[in-house]
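Visitor: Handing you this structure, nothing more for now.
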Amino acid sequence: MNQETPNKWTRNELKNPHRLTDKSRRVRQMFDSIAGTYDCLNHLLSFNQDRSWRKRAVQLAQIQPGQDLLDLCCGTGDMALEFINNQPALKSVTGVDFSQNMLELAQKKTNNLLAHDTGDRYKNINIKWLRQDATHLNLPDNQFHCVSCVFGLRNLQDLNAGLKEIHRVLKPKGTLLVLEFALPKNPLLNWAYQTYFRLVLPVVGGIIASDRGGAYRYLPESVRSFDTSDQFCSKLQKNDFEVVHTDPLNWGTVQLYLARKKSDIA
Ligand SMILES: C[S@@+](CC[C@H](N)C(=O)[O-])C[C@H]1O[C@@H](n2cnc3c(N)ncnc32)[C@H](O)[C@@H]1O
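Each residue of the sequence shown is one higher than the last, beginning at 0 in numbering that gives the first Met the number 0.
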């Protein structure tokens, strides 16, 4: 278990955390420090909606038996496990994250799932949890039929580098599935959401996660200063993905993107 103390985000840094040159290290330490309460807070702060967002995303991906799936920034494994639950005949599921403490929880959940798999539903799936940086993957080219990334891309030091890596490891015409927080376009909803995000979330997160690094102050500010949906789609296109479908969920507070790899980047 990694017990480094995370740096506390200052007000100034939170004006645009994406610009910080040590964002990656700080994000990793932050997730290591809140790993133990991450799932509980996810369900609590989203009023359990996160489960239905993942289900919706998995349904859209239409993953087929025998396919290989990569869940990037997999955290405690909920998205990868949702894929396994939806399609037990997958060939392999690989979860990648750079937080050791998040990965340990993903491994525990897998052990638990397999220990209770009395009908041998999942026995043929090769499930792996790897500690790697999403912007420098130690994985072969053209390997995966589908890559998912749920609430992860916003946290990368270099989003374009992450998209290039996803493109590289996806098979031609492979599917990229992204869930990311967004700001609602409706001004009233936007106000209500930002009030909740900025006032309620840091307090509840602070109490339950004894959030020393300020993860739940980083979250709203990193969403506010992240790409709009149009900007993100344009980055996808520049990185040679075709955006097939976008779906605003939860009154536009969460955005789902489905894209396909077009060709190899020259
Ligand atoms: C908000 S959590 C999302 C976890 C999970 N996908 C979920 O749906 O609950 C973001 C995760 O991204 C991971 N992460 C952020 N930057 C990363 C990077 N460069 N490489 C690998 N993992 C990263 C963090 O460690 C964290 O577990």
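Note that CB positions come from ideal geometry on N, CA and C, so glycine has one too.
When DSSP builds the beta bridges, which residues end up paired with residue 254?
Guide: 179, 247
Visitor: Since residue 94 is in the beta strand (DSSP E), which residue starts that stretch and which ends it?
Guide: Note, residue 94: beta strand (DSSP E), 91 to 96.
Visitor: Quick one: what's residue 143 bridged to in DSSP?
Guide: 169
Visitor: Between the Cα of residue 7 and the Cα atoms of 207, 79, 257, 214, which residue gives the shortest distance?
Guide: 214
Visitor: Could you check if residue 27 belongs to the surroundings of ligand 1, using beta carbon to heavy atom distance under 7 Å?
Guide: yes
Visitor: Grab me the residues of residue 203's own chain with a C-beta within less than 8 Å of its C-beta, minus the 5 sequence neighbours each way, in chain order.
Guide: Excluding sequence neighbours, residue 203 sits near 40, 43, 44, 215.
Visitor: May I have the straight-line CA-CA distance separating residue 81 from residue 58, to the nearest angstrom?
Guide: 10 Å
Visitor: Select from 166, 185, 83, 227 the residue whose C-alpha is nearest the C-alpha of residue 262.
Guide: Checked all of 166, 185, 83, 227; the closest Cα to residue 262 is 166.
Visitor: Please list, in chain order, all residues of the same chain as residue 275 whose beta carbon is under 7 Å from its beta carbon, the five residues on each side excluded.
Guide: Missing from the structure shown is residue 275; the chain here goes from 0 to 265 and no further.
Visitor: Would you kindly work out how many angstroms separate the C-alpha atoms of residue 317 and residue 195, rounded to a whole number?
Guide: Residue coverage of the chain in this structure runs from 0 to 265, which leaves residue 317 outside it and unanswerable.
Visitor: Determine the direct distance from the alpha carbon of residue 18 to that of residue 11, and round the result to whole angstroms.
Guide: 11 Å
Visitor: Closer than 7 Å: is that where the CB of residue 0 sits relative to any heavy atom of ligand 1?
Guide: no
Visitor: By Cβ distance below 8 Å, which residues in the same chain neighbour residue 164 in space, the five residues on each side in sequence not counted?
Guide: 133, 134, 135, 136
Visitor: At what residue ranges does the segment 29 to 92 contain a whole run of the alpha helix (DSSP H), taking only runs of 4 or more?
Guide: 48 to 60, 77 to 85
Visitor: By DSSP, does residue 174 sit in helix, in strand, or in coil?
Guide: strand
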